[in-house]
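Everything below concerns the one structure shown next.
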Amino acid sequence: MFSIEAIMSTDLITVPPTATLAEARTLMHNNRIHHLPVVNDDEELIGLVTLTNVLAATDSVLRDADNRIHADEILVRDIMVTEIATIDERASLRQAALFIEKHQIGCLPIVTDGMLRGIITDTDFVGVAINLLELAEETEPLEQEIA
171 MFSIEAIMST
181 DLITVPPTAT
191 LAEARTLMHN
201 NRIHHLPVVN
211 DDEELIGLVT
221 LTNVLAATDS
231 VLRDADNRIH
241 ADEILVRDIM
251 VTEIATIDER
261 ASLRQAALFI
271 EKHQIGCLPI
281 VTDGMLRGII
291 TDTDFVGVAI
301 NLLELAEETE
311 PLEQEIA
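Offset between the sequence shown (1-based) and the working numbering: plus 170.
Following this line, the structure appears as structure tokens:
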């Protein structure tokens with residue numbers, strides 16, 4: 171039926187650890203994503219920046235302008251999460267879903283042989299659920315009208 175490869179996103183938008191918070195925020199906003207893998211020069215996953223990380227690191231506009239920390243002064247390496255749960259693309263989709271549910275995480279990077287291959291998000295699983303519900307509806311007998 172469905173496999174990890176069938177639902178994972180492979181056209182990934184990534185950043186190096188030297189990118190700024192402003193760059194990460196712009197990438198996330200322009201691409202409508204909430205998870206941004208951080209990769210080194212060899213394209214190996216070394217961190218993850220989430221929307222939550224970005225929001226937490228963004229300084230308040232209520233702070234005095236002279237004391238405000240600007241998003242172009244903060245590097246991704248300073249806000250990224252480095253302890254990242256990953257899964258191999260050869261794992262089952264069920265294993266991935268159970269892992270996301272158990273650990274209450276929003277995304278699960280797919281790493282095979284040390285290389286970032288893709289990412290699965292909780293939204294991807296909503297898509298799978300919708301497909302399964304549609305299949306179930308198609309196979310249900312038509313409801314008989316009650317006279």
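In this text, a Cβ means the ideal position worked out from N, Cα and C, and glycines have one as well.
For clarity, every value in this text was computed on a predicted model and none was experimentally measured.
query	result
Beta-carbon spacing of HIS273, ALA255 below 8 Å	yes
Simplified DSSP state of HIS205, which is helix, strand or coil	strand
Option nearest VAL224 by Cα separation, candidates ASP212, GLU214, LEU245 and ILE216	LEU245
LEU206 vs ALA194 beta-carbon contact at 8 Å	yes
Per DSSP, cross-strand counterpart(s) of GLY217	VAL208
Within 8 Å, strictly: CB atoms of ALA266 and ILE257	yes
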